[in-house]
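Engineer: Take the sequence shown: its position 223, counting from 1, is numbered 226 in the numbering used here, and each next residue is one higher. Heads up, the beta-carbon is just placed ideally off N, CA and C, and yes, glycines get one too. Every value quoted in this text rests on a predicted model; they were computed, and no experiment measured them. So that we are looking at the same thing, I have put the structure below in structure tokens.
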Amino acid sequence: MGNIDMLNLNWRSKIAVLVALSLFCSLPLSASSLTAEQIVAIDWHEGNDNLEGASRSYSYAAAYISWPDEHMGAWIDQNSVFLGNKAFAEQRISRAQTNKQVSWQITALVKQISSTTQPNIDLLLHGKDSKGTTVFHSKESDISQAPTLIITTNSGAIIKTTTLMDSYLDESTFRSLGHSKNLKAGERNLSLLRFPVPKLPAGERIGSAELQLTVKKQFGSSNIGVFWLARPATKADVLPEFTKNQIIFNEDFSERNWAANWSSLDRRSLSDRVPAPTRPDNYALKVEFNPAQNLALNLVLLLKSVQSEEPEALYFQYDLYLTDNWLATKGGGKFPGLAGTYNKAGWGGRSADGSNGWSARGQFADTINSDDKFDNSTPLGFYAYYPDNGQNHGATLFWDSSDNLIKPGQWYRITQYVKLNTPTKADGVLKAWIDQQQVFEQTNIRFRDTAELKIERLWLNFYHGGTAKPVQPMTLYIDNVMLATE
Numbered sequence: 004m005g006n007i008d009m010l011n012l013n014w015r016s017k018i019a020v021l022v023a024l025s026l027f028c029s030l031p032l033s034a035s036s037l038t039a040e041q042i043v044a045i046d047w048h049e050g051n052d053n054l055e056g057a058s059r060s061y062s063y064a065a066a067y068i069s070w071p072d073e074h075m076g077a078w079i080d081q082n083s084v085f086l087g088n089k090a091f092a093e094q095r096i097s098r099a100q101t102n103k104q105v106s107w108q109i110t111a112l113v114k115q116i117s118s119t120t121q122p123n124i125d126l127l128l129h130g131k132d133s134k135g136t137t138v139f140h141s142k143e144s145d146i147s148q149a150p151t152l153i154i155t156t157n158s159g160a161i162i163k164t165t166t167l168m169d170s171y172l173d174e175s176t177f178r179s180l181g182h183s184k185n186l187k188a189g190e191r192n193l194s195l196l197r198f199p200v201p202k203l204p205a206g207e208r209i210g211s212a213e214l215q216l217t218v219k220k221q222f223g224s225s226n227i228g229v230f231w232l233a234r235p236a237t238k239a240d241v242l243p244e245f246t247k248n249q250i251i252f253n254e255d256f257s258e259r260n261w262a263a264n265w266s267s268l269d270r271r272s273l274s275d276r277v278p279a280p281t282r283p284d285n286y287a288l289k290v291e292f293n294p295a296q297n298l299a300l301n302l303v304l305l306l307k308s309v310q311s312e313e314p315e316a317l318y319f320q321y322d323l324y325l326t327d328n329w330l331a332t333k334g335g336g337k338f339p340g341l342a343g344t345y346n347k348a349g350w351g352g353r354s355a356d357g358s359n360g361w362s363a364r365g366q367f368a369d370t371i372n373s374d375d376k377f378d379n380s381t382p383l384g385f386y387a388y389y390p391d392n393g394q395n396h397g398a399t400l401f402w403d404s405s406d407n408l409i410k411p412g413q414w415y416r417i418t419q420y421v422k423l424n425t426p427t428k429a430d431g432v433l434k435a436w437i438d439q440q441q442v443f444e445q446t447n448i449r450f451r452d453t454a455e456l457k458i459e460r461l462w463l464n465f466y467h468g469g470t471a472k473p474v475q476p477m478t479l480y481i482d483n484v485m486l487a488t489e
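Structure representation (structure tokens):
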């Protein structure tokens, strides 16, 4: 089966809508106050020339971490309400304040953040009801006019820090703007600021805290409020172990003739049964990516070879190990998944129309090069062909990787679940777990319009691209491939 699918990087802005729909735990949407334990930090980055940071759709675009609740930005207000309207402090800004400092007294907010285990003070500036827009100097503009947090202790000591990161969000672009010399705040712009939590001498306490920014330009009149850049905590669903009665297929590569258990193995595949890394006496399938070709493995199991009828709902699980030479670039590529292509549609630009086929392979993105916990991690997701995905190729539906980073040198258990929709209805389901922790759920997918389409195959497809080949040899291992019913 050919494989010429391409990840369109301009699709990022559309992906955001799909990822937002995938939130596997609903965030509190009522106006009720959150407790301190219910508020957690946002994973965000200002970005740089080589790293996509915060944008209108993502708090961390390189890691495909979406803003919660399909909303540009996220914040907690003075009443501890998610996306609330009550700022911790406000300042009305006019053109007369151009080239002048503006300050907000945010003592209560800084004390509240400092009392948590969060390592940084993350702030958001927003003019919810402002008609005007304020342009501030960012740290990239002039360090002497960079956003500054001034903390005075109870003994009168002054701790003055400039931003570790700053950026702003703009409704008009999907790009990260953290490299800009400007910070914009208003009704349609949000400014993001990060300061370190102060390390106070023994016996010292925070007496007061003041945020200072310098106005660079002013359009109209603005009322800019300071909010806590944070979100409500979510609780991931934990997947229980499958029972023996659920399992319909299990491959641990312990047999020399393991390939006989499968329906087809592409002769171009670069795979070999070898001892499993860090697992004494176990075997795994070694899969190699080579700069000479896109394909690393194409291995298929037809469901009719293991049971009489093709299922309409199925779990697929496998163990994944990336080696130290793993470096995905140029848009990433494909990982394994379930499909019903019937050799007609659902891959290689053969769009799904509800009657000809569908697929939900895995997807890997570019390996992240950053200065935080995401460094050297590779985001994973689904690459799904279905009629409403908005393009001829597959839609990329990335998983929430904030607490489930995939890095070299460690085994991870990947589990995917597909439940096909009632024909013509948008009630199909995709779910995913990493090490039994749920990282994705979407429940409104129309895979098919006919009952003739079912889950036809398990498709172990490891493929770099798109069209771009790997820039260097890369190796991974898979083990304990399993299919299970509900």
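Which word fits Asn-424, buried or exposed, when buried means at least 16 other C-beta atoms lie within 10 angstroms of its C-beta?
Structural biologist: Counting Cβ neighbours within 10 Å, Asn-424 comes out buried, since at least 16 surround it.
Engineer: Per DSSP, which residues does Val-303 bridge with? Please list them.
Structural biologist: DSSP output for Val-303 lists Ser-267 and Trp-462 as bridge partner(s).
Engineer: Could you tell me which of Gln-121, Pro-201, Glu-190 and Ile-45 sits nearest to Pro-235, measuring between CA atoms?
Structural biologist: Here the closest residue by C-alpha is Ile-45.
Engineer: Could you have a look at Thr-217 and say whether DSSP puts it in helix, strand or coil?
Structural biologist: Three-state DSSP puts Thr-217 in a strand.
Engineer: Is Trp-402 near Pro-382, with beta carbons less than 9 angstroms apart?
Structural biologist: Yes, the Cβ-Cβ distance between Trp-402 and Pro-382 is below 9 angstroms.
Engineer: Using the Cα positions of Thr-470 and Asn-297, report the straight-line distance between them to the nearest angstrom.
Structural biologist: Rounded to the nearest angstrom, the two C-alpha atoms are 7 angstroms apart.
Engineer: Does the Cβ-Cβ distance between Leu-268 and Asn-301 come in under 9 angstroms?
Structural biologist: For Leu-268 and Asn-301, yes; Cβs fall inside 9 angstroms.
Engineer: Buried or exposed for Asp-275, going by 16 or more other Cβ atoms inside 10 Å?
Structural biologist: Asp-275 should be labelled exposed.
Engineer: Report the rounded CA-to-CA distance for Ala-205 versus Thr-119, giving the unit in angstroms.
Structural biologist: Cα to Cα, the separation comes out at about 18 angstroms.
Engineer: Could you check whether the segment 138 to 151 touches the segment 159 to 179, counting it as contact only if at least three pairs of C-beta atoms, one from each stretch, sit closer than 8 angstroms?
Structural biologist: At 8 angstroms Cβ cutoff, the stretches touch.
Engineer: Short check: CB of Tyr-345 to CB of Asn-328, under 9 angstroms?
Structural biologist: Their beta carbons are not under 9 angstroms apart, which means Tyr-345 does not touch Asn-328 by this criterion.
Engineer: Reducing DSSP to helix, strand and coil, say where Leu-433 ends up.
Structural biologist: Strand.
Engineer: For the beta strand (DSSP E) containing Ile-481, list its first residue and its last residue.
Structural biologist: Ile-481 -> beta strand (DSSP E) spans 477 to 487.
Engineer: Return the CA-CA distance between Ser-35 and Leu-86, expressed in angstroms with no decimal places.
Structural biologist: If you take the alpha carbons of Ser-35 and Leu-86, they lie about 11 angstroms apart.
Engineer: So within the segment 157 to 186, which uninterrupted alpha helix (DSSP H) runs reach at least 4 residues, ignoring any that extend past its ends?
Structural biologist: The qualifying runs do not exist here; there are none.
Engineer: Report the rounded CA-to-CA distance for Arg-95 versus Lys-238, giving the unit in angstroms.
Structural biologist: If I take the Cα positions, the gap works out to 39 angstroms.
Engineer: Got a sec? Which residues, its chain only, sit under 7 angstroms from Ser-97 by beta carbon, not counting five neighbours each side?
Structural biologist: Gln-221 and Ser-224, listed in sequence order.
Engineer: So if DSSP puts Phe-85 in a beta bridge, which residue, or which two residues, is it bridged to?
Structural biologist: DSSP lists Ile-79 as partners of Phe-85.
Engineer: CA-CA distance, Leu-288 and Asp-173?
Structural biologist: Each residue's alpha carbon lies about 46 angstroms from the other.
Engineer: Give me the Cα-Cα distance between Asp-240 and Ala-111, rounded to the nearest whole angstrom.
Structural biologist: If you take the alpha carbons of Asp-240 and Ala-111, they lie about 34 angstroms apart.
Engineer: Judging by CA-CA distance, which residue of Thr-136, Gly-334, Phe-230 and Trp-231 is the nearest neighbour of Lys-187?
Structural biologist: Ranking Thr-136, Gly-334, Phe-230 and Trp-231 by Cα distance to Lys-187 puts Thr-136 first.
Engineer: Rounded to the nearest angstrom, what separates Arg-259 and Val-277 at their Cα positions?
Structural biologist: When rounded, the distance between both Cα atoms is 10 angstroms.
Engineer: Just how far apart, CA to CA, sit Ala-368 and Tyr-420?
Structural biologist: Their backbone Cα atoms lie some 20 angstroms apart in a straight line.
Engineer: Which term fits Leu-305, buried or exposed, when burial requires 16 or more other beta carbons within 10 angstroms of its beta carbon?
Structural biologist: Leu-305 comes out exposed.
Engineer: Should Gly-130 and Asn-226 be called a contact, given that it needs their Cβ atoms to be closer than 9 angstroms?
Structural biologist: Result yes, Cβ atoms of Gly-130 and Asn-226 sit closer than 9 angstroms.
Engineer: Flag this pair as yes or no: are the beta carbons of Tyr-318 and Thr-488 separated by less than 9 angstroms?
Structural biologist: Contact: yes.
Engineer: Rounding to the nearest angstrom, what Cα-Cα distance links Thr-399 and Gly-189 in this structure?
Structural biologist: Between Thr-399 and Gly-189, the C-alpha separation is close to 32 angstroms.
Engineer: What residues match up with Gln-296 in a beta bridge as DSSP calls it?
Structural biologist: DSSP output for Gln-296 lists no bridge partner at all.
Engineer: Pull up the distance between the alpha-carbon of Cys-28 and that of Gly-76, whole angstroms please.
Structural biologist: Any answer about Cys-28 is weak, because its pLDDT of 45 lies below 50 and its placement is not dependable; what the coordinates show is given next. Distance between the alpha carbons of Cys-28 and Gly-76: 18 angstroms.
Engineer: Can you tell me whether Asp-482 is buried or exposed, with buried defined as 16 or more other CB within 10 angstroms of its CB?
Structural biologist: Asp-482 should be labelled buried.
Engineer: For Glu-40, which of Gln-121, Arg-416 and Ala-99 has the nearest alpha-carbon?
Structural biologist: Nearest option by C-alpha distance: Gln-121.
Engineer: Could you have a look at Glu-73 and say whether DSSP puts it in helix, strand or coil?
Structural biologist: Helix, per DSSP.
Engineer: Here's the rule I'm using: 16 or more other beta-carbon atoms within 10 Å means buried, otherwise exposed. How should Thr-38 be labelled?
Structural biologist: Thr-38 is exposed by the Cβ-count criterion.
Engineer: Rounded to a whole number of angstroms, what is the C-alpha to C-alpha distance between Ala-1 and Leu-216?
Structural biologist: Since the first residue of the chain shown is 4 and the last is 489, residue 1 is not available in this structure.
Engineer: For Ala-435 and Trp-462, I'd like the C-alpha separation in whole angstroms.
Structural biologist: One C-alpha to the other measures close to 16 angstroms.
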